[in-house]
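Visitor: With the working numbering applied, the sequence shown covers 2 to 407.
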Amino acid sequence: MPGSSTSRNPAPLAQSYTMLNPTMPPPVLEMASNASNTLLPRTASAPAPAPSRNTGRTRPRLSHALEVLDVDIDIEDPYATTNRFEIPADFKGKVIPGSQYDVVLVLDNREKSARENPDGIARALRAKGVDVERRALELGDVCWIAKRKPHFCDGTEYDTITLDVILERKRLDDLVGSIKDGRFHEQKFRLANSAIKQVFYVVEEYKNGVYEDKNRFDLAIDTALSQTQVIDGFMVKETKSIEDTINYYWTLHRHIQHRYEGKELHVIPSQHIRRYNFLKFQKKLRHREPNKSYLTAFTQFQFLNSKSGFITVQETWARMLLCVIGVSPEKAGEIVKRYPTMRSMYLAFLEGEEQERMERHLKKGFKVKHMLEDIGGNTGRRIGPALSEKIYNVIMGSVQDDCESD
Numbered sequence: 002m003p004g005s006s007t008s009r010n011p012a013p014l015a016q017s018y019t020m021l022n023p024t025m026p027p028p029v030l031e032m033a034s035n036a037s038n039t040l041l042p043r044t045a046s047a048p049a050p051a052p053s054r055n056t057g058r059t060r061p062r063l064s065h066a067l068e069v070l071d072v073d074i075d076i077e078d079p080y081a082t083t084n085r086f087e088i089p090a091d092f093k094g095k096v097i098p099g100s101q102y103d104v105v106l107v108l109d110n111r112e113k114s115a116r117e118n119p120d121g122i123a124r125a126l127r128a129k130g131v132d133v134e135r136r137a138l139e140l141g142d143v144c145w146i147a148k149r150k151p152h153f154c155d156g157t158e159y160d161t162i163t164l165d166v167i168l169e170r171k172r173l174d175d176l177v178g179s180i181k182d183g184r185f186h187e188q189k190f191r192l193a194n195s196a197i198k199q200v201f202y203v204v205e206e207y208k209n210g211v212y213e214d215k216n217r218f219d220l221a222i223d224t225a226l227s228q229t230q231v232i233d234g235f236m237v238k239e240t241k242s243i244e245d246t247i248n249y250y251w252t253l254h255r256h257i258q259h260r261y262e263g264k265e266l267h268v269i270p271s272q273h274i275r276r277y278n279f280l281k282f283q284k285k286l287r288h289r290e291p292n293k294s295y296l297t298a299f300t301q302f303q304f305l306n307s308k309s310g311f312i313t314v315q316e317t318w319a320r321m322l323l324c325v326i327g328v329s330p331e332k333a334g335e336i337v338k339r340y341p342t343m344r345s346m347y348l349a350f351l352e353g354e355e356q357e358r359m360e361r362h363l364k365k366g367f368k369v370k371h372m373l374e375d376i377g378g379n380t381g382r383r384i385g386p387a388l389s390e391k392i393y394n395v396i397m398g399s400v401q402d403d404c405e406s407d
């Protein structure tokens, strides 16, 4: 793959993201691949499996069972962009020298625990020496910015740059609620659509209320976290308490500080940024200049990830597909690649119905309801016959209902 590095031998995640001795410099932060993450056998360096929350069975924590892979992955862009894009001829990134900025951790001031204790997390992190700001974030619960030192500030957008790391935190009861009401997939959809290379997903234990029915949610939680790590390529970390979460934030902040120490930043000027082509822009840049990571100003990060921002027909169509039970963001992406609009799928189903009528006389087995089943290939993104039939019924049933109502 263009831009990929095969020279390094990355350590397991258990070694890379466990708490470090404060006197030791943290290793360089690595990136996860959503293309080639695979479950690995447990090694002696990984902790023993933690007991399951409810059933007494053992379930290895994903954050200890998967390897950190060093990649520079292609950006998948099935949702919200133009089909063609070329880097403008006049494009020139802004370069910020490594000596001109400090790395700052930004907490979403609307994040759940922050509402319960507005300054608790920030105070705890500051006590550990972390430079923290609280802002309303359009995406994620934590991000990191490069903030120019006062004597280098010039009052432009380049005074605050969003770094290529974002973190979503879910308390366990909130995770269960988001799985029930569909927010879980919608939030992952937005994270994947941000073009940020490193996405961390922290799940914090919470024992009150969520386990009243002890066996009801455990499988759903395990499945959700497995998909998030293996399919989405997000780094999943499970913590036991808010204190454990704060310690993880501190450890991760030190990794990021070490990664960016003295490193010049390359920034895409805002005049080149459009929501509908941003992922294509980033993909082209990463192929053309694989050794550089192009960032955006914080104001542009907020614009690109606003829920009320510009949404294309394809993105709206993908969000509609996510409303069908069983359609994950990954499967929605595969469908939209084949059928970029609802109309294109509807017309394909009409043709399929005609083909089925013709082949019925020839005693062939074609069924239009199963027309989508092979989309996604031999991967976890394969649609399969049951889900294909469900989508067919939703699309064609909706159209029929509309016609009858007219």
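We put the CB at the ideal spot given by N, CA and C, even for glycine.
Taking the runs of the alpha helix (DSSP H) that are 4 residues or longer, which of them lie wholly in the region 211-253?
Guide: 219-231
Visitor: Note down, in chain order, each residue of its chain lying with its Cβ closer than 6 Å to the Cβ of Ile197, except the 5 sequence neighbours on either side.
Guide: Asp165, Ile167
Visitor: Which whole-angstrom value describes the C-beta separation of Arg409 and Ile376, a residue pair presumed to lie in contact below a C-beta threshold of 8 Å?
Guide: Residue 409 lies beyond the range of the chain shown here (2 to 407); nothing can be said about it.
Visitor: Go to Asp175, then tell me how far its alpha helix (DSSP H) extends in each direction, as first and last residue.
Guide: 173-182
Visitor: May I have the straight-line CA-CA distance separating Gly94 from Ile88, to the nearest angstrom?
Guide: Distance from the CA of Gly94 to the CA of Ile88, rounded to the nearest whole angstrom, comes to 12 Å.
Visitor: Going along the chain, which residues of its own chain have a beta-carbon closer than 8 Å to the beta-carbon of Ala349, five neighbours each way excluded?
Guide: Tyr340, Met372
Visitor: DSSP three-state label for Pro23, please.
Guide: Unreliable placement is indicated for Pro23, whose pLDDT of 34 sits below 50; no coordinate value is reported for it.
Visitor: Return helix, strand or coil for Thr317, following the three-state DSSP convention.
Guide: The DSSP-derived three-state label of Thr317 is helix.
Visitor: If contacts are defined as beta-carbon pairs under 8 Å, then Thr417 and Thr297 qualify, I think. What distance do you get, rounded to the angstrom?
Guide: This structure does not reach residue 417, given that the chain is present from 2 up to 407, and the question cannot be answered.
Visitor: Rounded to whole angstroms, what's the CA-CA distance from Leu266 to Ile97? Just pull it up for me.
Guide: 5 Å
Visitor: Hey, quick one: how far does the beta strand (DSSP E) through Ile97 stretch, first residue to last?
Guide: The continuous beta strand (DSSP E) containing Ile97 extends over residues 95-97.
Visitor: Consult DSSP for Val328 and reduce its assignment to one of helix, strand or coil.
Guide: DSSP places Val328 in coil when its eight states are reduced to three.
Visitor: Considering Cα atoms alone, identify which of Val325, Ala387, Tyr295 is closest to Asp182.
Guide: Val325
Visitor: Just to confirm, are Phe282 and Leu305 a CB contact at a threshold of 8 Å?
Guide: In this structure, Leu305 does not lie closer than 8 Å to Phe282 by Cβ.
Visitor: Is it a yes or a no for the region 138-152 touching the region 284-293, going by three-plus beta-carbon pairs under 8 Å?
Guide: no
Visitor: In or out: Val314 buried (at least 16 other Cβ within 10 Å) or exposed?
Guide: exposed
Visitor: Cα-Cα, which of Val131, Ile392, Thr300 is closest to Gln272?
Guide: Thr300
Visitor: Can you find the residues in the same chain that come closer than 8 Å, C-beta to C-beta, to Phe185, ignoring five residues on each side of it along the sequence?
Guide: Leu176, Ser179, Ala225
Visitor: Taking the CB atoms as reference points, tell me whether Arg136 and Val105 lie closer together than 8 Å.
Guide: no
Visitor: By the three-class DSSP mapping on this structure, what secondary structure does Val395 have?
Guide: helix
Visitor: Taking the alpha carbon of Leu388 as the reference point, which residue from Gly398, Thr380, Lys370 has its own alpha carbon closest?
Guide: Lys370
Visitor: Looking only at its own chain, which residues have a Cβ that is under 8 Å from the Cβ of Lys264, when we skip the five neighbours before and after it?
Guide: Gly99
Visitor: As a quick exercise: from Asp109, Glu134, Cys154, pick the residue whose alpha carbon is nearest that of Leu140.
Guide: Checking every option, the nearest Cα to that of Leu140 belongs to Asp109.
Visitor: Does the beta-carbon of Asp233 have 16 or more other beta-carbons within 10 angstroms, so that it is buried, or is it exposed?
Guide: buried
Visitor: How is the beta strand (DSSP E) around Leu266 delimited, first residue to last?
Guide: 266-268
Visitor: Could you check if His152 is buried or exposed, using at least 16 other CB atoms within 10 Å of its CB as the buried criterion?
Guide: In the assembly as shown, His152 is an exposed residue. Its beta-carbon has fewer than 16 other beta-carbons within 10 Å.
Visitor: Could you pull the DSSP bridge partners for Asp103 from this structure?
Guide: Answer is Lys148.
Visitor: Determine the DSSP secondary structure at Ser37, reduced to helix, strand or coil.
Guide: Annotation note: pLDDT 32 at Ser37 (below 50); position unreliable, no value reported.
Visitor: What number of angstroms, rounded off, separates the C-alpha of Phe201 from the C-alpha of Thr317?
Guide: 25 Å
Visitor: Using a threshold of 8 Å, state whether the C-beta atoms of Glu169 and Leu192 are closer than that.
Guide: yes
Visitor: Terminal residues of the continuous beta strand (DSSP E) containing Leu296?
Guide: Unbroken beta strand (DSSP E) run through Leu296: 295-298.
Visitor: My output table needs one value for Arg383: the three-state DSSP class, helix, strand or coil.
Guide: coil
Visitor: Going by CA-CA distance only, name the one from Gly378, Asn379, Thr380, Gly353 that's closest to Phe367.
Guide: Gly353
Visitor: Excluding the 5 residues flanking Gln188 on each side, which residues of the same chain have their C-beta closer than 8 Å to its C-beta?
Guide: Glu169, Ser179
Visitor: Tell me, to the nearest whole angstrom, how far the beta carbon of Leu323 is from that of Phe218; I am working on the premise that it is less than 8 Å.
Guide: In this structure Leu323 is not in contact with Phe218, their Cβ atoms being roughly 21 Å apart against a cut-off of 8 Å.
Visitor: Ignore the nearest five residues each way along the sequence and tell me which others in Ala221's own chain have a CB closer than 8 Å to its CB.
Guide: Result list for Ala221: Val177, Ile180, in chain order.
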